[in-house]
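A short write-up of the structure that comes next.
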Amino acid sequence: MKIAALRETAAGERRVAVTPETAKKFIALGAEVAVEAGAGASASIADADFAAAGATLGDAAATVAGADIVLGVQGPSPAALAGAAPGAWVVAGLNPFGTGEGGGRERVDAYAAAGLEALAMEFMPRITRAQSMDILSSQSNLAGYKAVLDAAAEYGRAFPMMMTAAGTVSAARVFVMGVGVAGLQAIATARRLGAQVSATDVRSATREQILSLGAKPVFVEKVAGIEGEGAGGYAGEMSPEYQRAQAELVSSHIARQDVVITTALIPGRPAPRLISDAQIATMRPGSVIVDLAVESGGNVEGAIAGEIVERHGVKIVGHRNVPSRLAADASALFARNLFNFLSAFWDKEAGRPVLDEEIGDAVRLTRAGQVVHPRLVS
Numbered sequence: 049m050k051i052a053a054l055r056e057t058a059a060g061e062r063r064v065a066v067t068p069e070t071a072k073k074f075i076a077l078g079a080e081v082a083v084e085a086g087a088g089a090s091a092s093i094a095d096a097d098f099a100a101a102g103a104t105l106g107d108a109a110a111t112v113a114g115a116d117i118v119l120g121v122q123g124p125s126p127a128a129l130a131g132a133a134p135g136a137w138v139v140a141g142l143n144p145f146g147t148g149e150g151g152g153r154e155r156v157d158a159y160a161a162a163g164l165e166a167l168a169m170e171f172m173p174r175i176t177r178a179q180s181m182d183i184l185s186s187q188s189n190l191a192g193y194k195a196v197l198d199a200a201a202e203y204g205r206a207f208p209m210m211m212t213a214a215g216t217v218s219a220a221r222v223f224v225m226g227v228g229v230a231g232l233q234a235i236a237t238a239r240r241l242g243a244q245v246s247a248t249d250v251r252s253a254t255r256e257q258i259l260s261l262g263a264k265p266v267f268v269e270k271v272a273g274i275e276g277e278g279a280g281g282y283a284g285e286m287s288p289e290y291q292r293a294q295a296e297l298v299s300s301h302i303a304r305q306d307v308v309i310t311t312a313l314i315p316g317r318p319a320p321r322l323i324s325d326a327q328i329a330t331m332r333p334g335s336v337i338v339d340l341a342v343e344s345g346g347n348v349e350g351a352i353a354g355e356i357v358e359r360h361g362v363k364i365v366g367h368r369n370v371p372s373r374l375a376a377d378a379s380a381l382f383a384r385n386l387f388n389f390l391s392a393f394w395d396k397e398a399g400r401p402v403l404d405e406e407i408g409d410a411v412r413l414t415r416a417g418q419v420v421h422p423r424l425v426s
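Here the sequence shown stands for residues 49 to 426, where the numbers follow this note's numbering.
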């Protein structure tokens, strides 16, 4: 059983799908691990560290030759997988609904045509036994943290209240929109930096989570939101009545905020628009908005993926691939997610992982030359 990891080629991608820690663990299971030379460089992992863990290093062709499983952060190019074993698994974040490098339906079709079994780690079901395999949670956690740091870097004032002989500096007011994994971490990080934090979500069950972190919940009271979690732990789309009520609430609240962080995503669909240009215009010049959903269409009108733009004196931060901006830690967590996934199904007699139906059917996009996932089959 050969497990291979190639250097990521998507623009701006600094993470790597295997680390010396997980390479050593795979080898302990009886696998051979091959890593493309230089794959970990942008995540501060030297080739010598992989070699010390027992992995073999080589060029891309040698790394993938005969591989039974190819690990990736983003989906490797189908052309780069020529030479892999027949029916090899591709285990990565495959972004089948996206476009551009590392994703898209065309790439999924190409995996199928090549006879590869593509396993999309972002489709991991949100069930208790799969928590340690969930790449979305591990990477969103870092994104929420980094979003606050990015906001602090762009904000021209201090976050905490400071009492000095020259006078008092008021605490920054931070508003987090969307209280999933990223939102919760953003709340916690902003609180640790001393900000005055408020947060909102369409799921009424998140009120207690917001309070538990010492932040103020901001909710629509007259129109019912979602009780509990939506499908897969995400919020669903709301009624027009709720959307109107939320827009009014946000408009009255956002004008008093110094920093806003938006995190709202709906899997497989464009990100919902939460902040309009008119609402941005009500904010104080020098305020900052960080749009963590910018690569999915954006929560903020005027946000541009990969850029920091200014509208009405307000900076709108639209960094791409925020977890990759913390490449070392993001790689460590991502690699552990992949190891936890494969090791949980490792069959000692077969010398390879054998997936069960619940998780296997949830993440499998292609098999035996066909696209098989229900969300991709019309």
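From the three backbone atoms N, C-alpha and C, an ideal C-beta is built for every residue, glycine too.
For SER246, three-class secondary structure by DSSP = strand
task = Reducing DSSP to helix, strand and coil, say where GLU80 ends up.
result = strand
query = Around the Cβ of SER218, are there at least 16 other Cβ atoms within 10 angstroms (buried) or fewer (exposed)?
reply = With fewer than 16 neighbouring CB atoms inside 10 Å of its own CB, SER218 falls in the exposed class.
query = By DSSP, does GLY408 sit in helix, in strand, or in coil?
reply = Looking at GLY408 - three-state DSSP - the assignment turns out to be helix.
message = I'd like to know if the segment 151 to 171 and the segment 196 to 215 are in contact, where contact means that at least 3 CB-CB pairs between them fall below 8 angstroms.
response = no
inquiry  = Taking the beta carbon of LYS396 as the centre, do at least 16 other beta carbons fall within 10 Å, making it buried, or is it exposed?
reply    = exposed
ask   = Would you report the Cα separation of GLY278 and ARG63, rounded to the nearest angstrom?
value = No answer about GLY278 holds up, because its pLDDT of 48 lies below 50 and its placement is not dependable.
inquiry  = Ignoring anything shorter than 3 residues, give me the beta strand (DSSP E) runs that lie fully in the segment 153 to 227, in order along the chain.
reply    = Listed in chain order, the complete beta strand (DSSP E) runs (minimum 3 residues) inside the segment 153 to 227 are 165 to 168, 210 to 212, 215 to 217, 221 to 225.
request  = Measuring alpha carbon to alpha carbon, tell me which of ASP377, PHE267, LEU142 ends up nearest GLY120.
outcome  = With distances taken between Cα atoms, GLY120 lies closest to LEU142.
message = In whole angstroms, give me the CA-to-CA distance for LEU413 and ALA195.
response = 31 angstroms
task = Could you tell me whether the Cβ atoms of VAL446 and PRO318 are closer together than 8 angstroms?
result = Limits of the chain in this structure are 49 at one end and 426 at the other, which puts residue 446 out of reach.
ask   = Taking C-beta to C-beta, are VAL222 and VAL307 nearer than 8 angstroms?
value = yes
message = Quick check: what's the CA-CA separation for ASP339 versus PRO401?
response = 38 angstroms
message = Looking only at its chain, what residues have a beta carbon closer than 6 angstroms to the beta carbon of GLN305, apart from the 5 residues adjacent to it on each side?
response = ARG221, PHE223
task = Note down, in chain order, each residue of its chain lying with its Cβ closer than 8 angstroms to the Cβ of THR216, except the 5 sequence neighbours on either side.
result = MET209, MET210
query = Does the distance from the CB of GLN244 to the CB of TYR193 come in under 8 angstroms?
reply = no
ask   = Under the three-state reduction of DSSP, which class applies to VAL308: helix, strand or coil?
value = strand
task = Within the segment 284 to 354, note down every full beta strand (DSSP E) run reaching 3 residues or more, in order along the chain.
result = 307 to 310, 336 to 339
request  = Tell whether a beta-carbon distance below 8 angstroms holds between GLN327 and VAL298.
outcome  = Yes, the pair counts as a contact, with Cβ atoms nearer than the cut-off.
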